[in-house]
Ligand code: SF4
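Residue numbers (my numbering): 31 to 418.
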């Protein structure tokens, strides 16, 4: 349990995200956590990198609760987590999980520092994520593995050894945490890499040797379309094999971009795979030479935007609305078929059709719309369908 969110076992795959604000800036961080939470992030991670950040954490939690945002917060610790969690008990208490990177628990006393964080997790009854990243791998362990494999200095082609090291680091750290006294079911593991094939390979291997819940994510996925496509390709394959209990899409935001995009992408991956529904699915064809003007694209976009805007209200008032399926199609070729398959769908007239738009409800032709207000009338029908 991360706060009141279950991860692993038969629990639904959880979508999480991470802020990019300075945690010491309380108002900025509260604002972004609230935005991510509104977008549907079920857990939000914040960096806790220094004393100011650690001091800010309980105030962030308090301000969020005043705004009715009770999304569990995870503290991301590197290098000095053992110091911060010991010196700032209110920070430890306010967090719902600690993320530990075994490669970044300090240059000296690595295991001791790791154990100190685990002791704080036991004291405050918090779970931990042992998050191994190939970009911050335990160098001592890597050197040892390379040595065993007679591959010093580290050659590029020794990825296999790096993967062995990542897995060994995760497994050893989990064992150490349990030796310190942390219950096994309080440990989540991640083994992030930045290449799609590498990620698939390492998570398949990890899933084969461990029964801890797995946090899935392509680290440093990249910007815009590249990050979205790479994350979808990697996570799609793994999730489809039943690997992964919580996901985070690590997109580099475009300048001025919306941080919550990573939450929507995560939700859409799960929804496209049929694993979880978050919002009514809008099926729209790509349009082609048969599409009349841009009206069809505009209506599809308008309906999608309307659904997104209304979801925070609908979710509470109409349970199950997220399982709905709406179709907005461009012409008679596939329009009636897709519309019949949807709960409610409209087939707009193509270039050579009469200016009429049949609407299908629950697979049956209900009405044919025409004139200048087709979009508005379809939206009213959509509202009626949801309210019925
Ligand atoms: Fe083109 Fe019609 Fe197919 Fe849409 S449904 S892509 S408009 S042929």
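Ideal Cβ positions, reconstructed from N, Cα and C, are used throughout, including at glycine.
Closest Cα partner of residue i within the set the options
i: residue 48; options: 249, 122 and 365; result: 249
i: residue 398; options: 386, 392 and 409; result: 386
i: residue 157; options: 124, 167 and 298; result: 124
i: residue 106; options: 333, 159 and 297; result: 159
i: residue 226; options: 266, 151 and 210; result: 266
i: residue 251; options: 170, 85 and 163; result: 163
i: residue 365; options: 192, 313, 409 and 42; result: 313
i: residue 190; options: 400, 231, 35 and 140; result: 231
i: residue 43; options: 297, 241, 111 and 67; result: 297
i: residue 40; options: 411, 336 and 305; result: 305
i: residue 262; options: 247, 271, 273 and 272; result: 247
i: residue 89; options: 56, 67 and 82; result: 56
i: residue 361; options: 381, 393 and 403; result: 381
i: residue 352; options: 92, 70, 317 and 193; result: 70
i: residue 208; options: 174, 285 and 145; result: 145
Inter-residue CB distance, residue i and residue j (contact presumed, cutoff 8 Å)
i: residue 338; j: residue 309; result: 7 Å
i: residue 154; j: residue 134; result: Not a contact, Cβ separation roughly 21 Å.
i: residue 268; j: residue 303; result: About 10 Å; that fails the 8 Å criterion.
i: residue 275; j: residue 229; result: Rounded, the Cβ-Cβ distance is 16 Å, inconsistent with contact.
i: residue 114; j: residue 84; result: 4 Å
i: residue 99; j: residue 63; result: 7 Å
i: residue 104; j: residue 32; result: 7 Å
i: residue 141; j: residue 206; result: 6 Å
i: residue 149; j: residue 210; result: 6 Å
With 16 other Cβ atoms within 10 Å as the buried cut-off, status of residue i
i: residue 147; result: buried
i: residue 217; result: buried
i: residue 239; result: exposed
i: residue 95; result: exposed
i: residue 371; result: exposed
i: residue 128; result: buried
i: residue 132; result: buried
i: residue 349; result: exposed
i: residue 253; result: exposed
i: residue 388; result: buried
i: residue 213; result: exposed
i: residue 272; result: exposed
i: residue 222; result: buried
i: residue 333; result: buried
i: residue 3; result: Residue 3 cannot be examined here, being either before or after the span of the chain that is shown, 31 to 418.
i: residue 67; result: buried
i: residue 112; result: buried
i: residue 473; result: Since the first and last residues shown for the chain are 31 and 418, residue 473 lies out of range.
i: residue 384; result: exposed
Simplified DSSP assignment, three categories, for residue i
i: residue 388; result: strand
i: residue 72; result: coil
i: residue 372; result: coil
i: residue 287; result: coil
i: residue 294; result: helix
i: residue 165; result: helix
i: residue 197; result: helix
i: residue 401; result: coil
i: residue 121; result: helix
i: residue 409; result: helix
i: residue 382; result: coil
i: residue 145; result: helix
i: residue 219; result: strand
i: residue 66; result: helix
i: residue 354; result: coil
i: residue 250; result: coil
i: residue 106; result: strand
i: residue 303; result: coil
i: residue 359; result: strand
i: residue 99; result: coil
i: residue 262; result: helix
i: residue 244; result: strand
i: residue 128; result: strand
i: residue 396; result: strand
i: residue 48; result: strand
i: residue 135; result: coil
i: residue 377; result: strand
i: residue 78; result: coil
i: residue 32; result: strand
i: residue 87; result: helix
i: residue 320; result: coil
Closer than 7 Å: residue i CB and nearest ligand 3 heavy atom
i: residue 252; result: No copy of ligand 3 occurs in the structure displayed; its ligands are ligand 1 alone.
C-beta neighbour in chain D for residue i, strict 8 Å
i: residue 52; result: In the structure shown, chain D cannot be found, because there is only a single protein chain.
Is it a yes or a no for the stretch 192–204 touching the stretch 222–239, going by three-plus beta-carbon pairs under 8 Å?
-> yes
Three or more beta-carbon pairs under 8 Å between the stretch 275–284 and the stretch 241–259, yes or no?
-> yes
Three or more beta-carbon pairs under 8 Å between the stretch 69–80 and the stretch 41–59, yes or no?
-> yes
Could you tell me whether the stretch 323–332 touches the stretch 292–308, using the rule of 3 or more Cβ pairs below 8 Å?
-> No: the two stretches stay apart, fewer than three of their Cβ pairs being nearer than 8 Å.
The stretch 371–380 touching the stretch 352–360, judged by at least three CB pairs closer than 8 Å | yes
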